[in-house]
Every structure is written in C-alpha cells, then in structure tokens.
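A.B. asks: Can you read through this structure? Questions will come right after.
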C-alpha cells in the first residue's frame, strides 16, 4: 500500500478542508500529467533540467530514467499525479548522502502539498535506504518558497554555495538544507 497523508490546507481559500496525497511509482500512462509540470516554464525555472516540450521526450524520460530510479515517486491527489519527488542516493565517496528534489504543477503551489510530500518521504527514506546518513536539498537562492517547504519539513539550513551550479546559461547560488536520521524535527 503506498504511503499517504492528509494535508491540512493552510491557505485562506481552502481553510477547513483537507487534501489527501499519496506517493506511488510512475506509470507510462502518467505522461500527460507529468507534462503539466515538466512542460511548464514557470515550474522549471527552479529546476536544473529544461522544460519538456515533447511528449515523446517525456515518455522516454519516464521509461528510461524515472521508472528505473531507486526512489522517484509520483505525488498524487485522488490517484492522479500532480507532481514528482525523488531522493537520489550519492555514489562513490558520496554514497552516504542523498539529495531530495521535487516539482509540482503551479495550480498546486501554496497549498502545503509539497511540505507534506517531503515529510512523507522523510518518514521512511532512512529505513528504505539505511546506508544514508544525510539527505540534503539544494535550492536556488531565489526560490524562497522551496526553502520554506524544506524548513517546514524539518530540514536545517546549512548555508549558501555561491555560483555553485551553471544552469540555463548562468551561474546560480544554491542554499543547502539537510536532515540526518534521528533528528526530532523529522520524527514528529
């Protein structure tokens, strides 16, 4: 049974309502849903990957990369993917460190869904990947909303890495957040 969580709505427009989210493996039939966020420039401006303009390219990504990834999940509302979340384990000397990443369709921003998805992942990831000693989130410095997601999910801000990534034609500053197993902030 896939993990799920009820998200208490914090925005004024939906006060006193709840959204149930669940995580599951991606299916090839999810390509249209995937394109809703992966094909949106407003979403991908905060991602290290480019906007998908071709459904065939997105389908190939789902087939060749996402479905074989050790921990890449669809975030679903009512069984329909509205975003994605992953933990990428490191390799070599970085094998004890994982990186969390996520993307959601714009119409699902500001509803607490991303925070709940991160919390849901963190509630099990150290059990599912017991070799991990740290999970970190690397966020573009200008993406304040994503920084808040990680803070609300119990991540600690480690610092700023200036001009750390060269993405989409420019050097980008990155804010690093992390969490380690056993921290009270992720166990509540």
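Numbering (UniProt numbering), first residue to last: 1 to 188. All residues carry an ideal CB built from backbone N, CA and C; glycine is no exception. Keep in mind it's a predicted model, so treat the numbers as computed, not measured.
#1: Buried or exposed: which applies to residue 81, given that a residue is buried once 16 or more other Cβ atoms fall within 10 Å of its Cβ?
#2: Roughly how many whole angstroms lie between the Cα atoms of residue 149 and residue 124?
#3: Cα-Cα, which of 176, 19, 22 and 20 is closest to residue 100?
#4: For the beta strand (DSSP E) containing residue 173, list its first residue and its last residue.
#5: Going by beta-carbon coordinates alone, are residue 153 and residue 122 separated by less than 9 Å?
#6: Since residue 93 sits in a beta bridge, which residues does DSSP pair it with?
#7: Evaluate residue 155 with the Cβ neighbour count: other Cβ atoms within 10 Å of its Cβ, from every protein chain shown; 16 or more gives buried, anything less gives exposed.
#8: Within this structure, are the beta carbons of residue 117 and residue 21 separated by less than 9 Å?
#9: Give me the Cα-Cα distance between residue 167 and residue 127, rounded to the nearest whole angstrom.
#10: Please state the DSSP three-state secondary structure of residue 29.
#11: Leaving out the 5 sequence neighbours to the left and right, which residues in its chain are closer than 6 Å to residue 115 when beta-carbon positions are compared?
#12: Run the CB neighbour count on residue 1, radius 10 Å, all protein chains shown included, and call it buried at 16 or more, exposed below.
#13: Can you tell me which of the three DSSP states residue 123 falls into?
#14: Identify which residue in 134, 106, 96 and 159 has its Cα closest to the Cα of residue 46.
#15: Measuring straight from C-alpha to C-alpha, what distance separates residue 119 and residue 179?
#16: Tell me whether residue 23 is buried or exposed, calling it buried when 16 or more other Cβ atoms sit within 10 Å of its Cβ.
#17: Looking at the secondary structure, which residues open and close the alpha helix (DSSP H) in which residue 138 lies?
#18: Rounded to whole angstroms, what's the CA-CA distance from residue 162 to residue 62? Just pull it up for me.
C.D. replies: Here's the rundown:
#1: Locating residue 81 in the chain shown gives position 81, counting from the first residue. When all chains shown are included, residue 81 counts as buried.
#2: Here residue 149 refers to the residue found at position 149 of the chain shown. Here residue 124 refers to the residue found at position 124 of the chain shown. Those two C-alpha atoms are separated by around 18 Å.
#3: In the chain shown, residue 100 corresponds to position 100, counting from 1. When only C-alpha atoms are compared, the closest one is 176.
#4: For the purposes of this step, residue 173 is identified with residue 173 of the chain shown, where counting begins at 1. That run of the beta strand (DSSP E) goes 170 to 179.
#5: As a working mapping, residue 153 is identified with position 153 in the chain shown. As a working mapping, residue 122 is identified with position 122 in the chain shown. Cβ atoms of residue 153 and residue 122: closer than 9 Å.
#6: As a first step, residue 93 must be located in the chain shown, where it is residue number 93. None; residue 93 has no bridge partner.
#7: As a working mapping, residue 155 is identified with position 155 in the chain shown. Under this definition residue 155 is a buried residue.
#8: If you number the chain shown from 1, residue 117 lands on position 117. If you number the chain shown from 1, residue 21 lands on position 21. Going by C-beta atoms, residue 117 is nearer than 9 Å to residue 21.
#9: Position 167 of the chain shown, counted from the start, is the residue given in the question as residue 167. Position 127 of the chain shown, counted from the start, is the residue given in the question as residue 127. The straight-line gap from Cα to Cα measures roughly 33 Å.
#10: In the chain shown, the residue the question calls residue 29 occupies position 29. Residue 29 falls in the helix class under three-state DSSP.
#11: As a first step, residue 115 is located in the chain shown; it is residue number 115 there, counting from the start. Same-chain partners within the cutoff: 149, 152 and 153.
#12: Counting from 1 along the chain shown, the entry for residue 1 is found at position 1. Residue placement at residue 1 is flagged as unreliable, the pLDDT there being 37, under the threshold of 50; a coordinate-derived value is accordingly withheld.
#13: For the purposes of this step, residue 123 is taken as the residue at position 123 of the chain shown. Of the three classes helix, strand and coil, the one that applies to residue 123 here is coil, per DSSP.
#14: As a first step, residue 46 is located in the chain shown; it is residue number 46 there, counting from the start. Cα-wise, what sits closest to residue 46 is 106.
#15: Here residue 119 refers to the residue found at position 119 when the chain shown is read from its first residue. Here residue 179 refers to the residue found at position 179 when the chain shown is read from its first residue. Straight-line Cα distance between these residues: approximately 11 Å.
#16: For this step, residue 23 is matched to residue 23 along the chain shown. With 16 or more Cβ atoms within 10 Å of its Cβ, residue 23 is classed as buried.
#17: Here residue 138 refers to the residue found at position 138 when the chain shown is read from its first residue. Unbroken run through residue 138 is the beta strand (DSSP E), 134 to 140; no alpha helix (DSSP H).
#18: Counted from its first residue, the chain shown places residue 162 at position 162. Counted from its first residue, the chain shown places residue 62 at position 62. Distance between the alpha carbons of residue 162 and residue 62: 32 Å.
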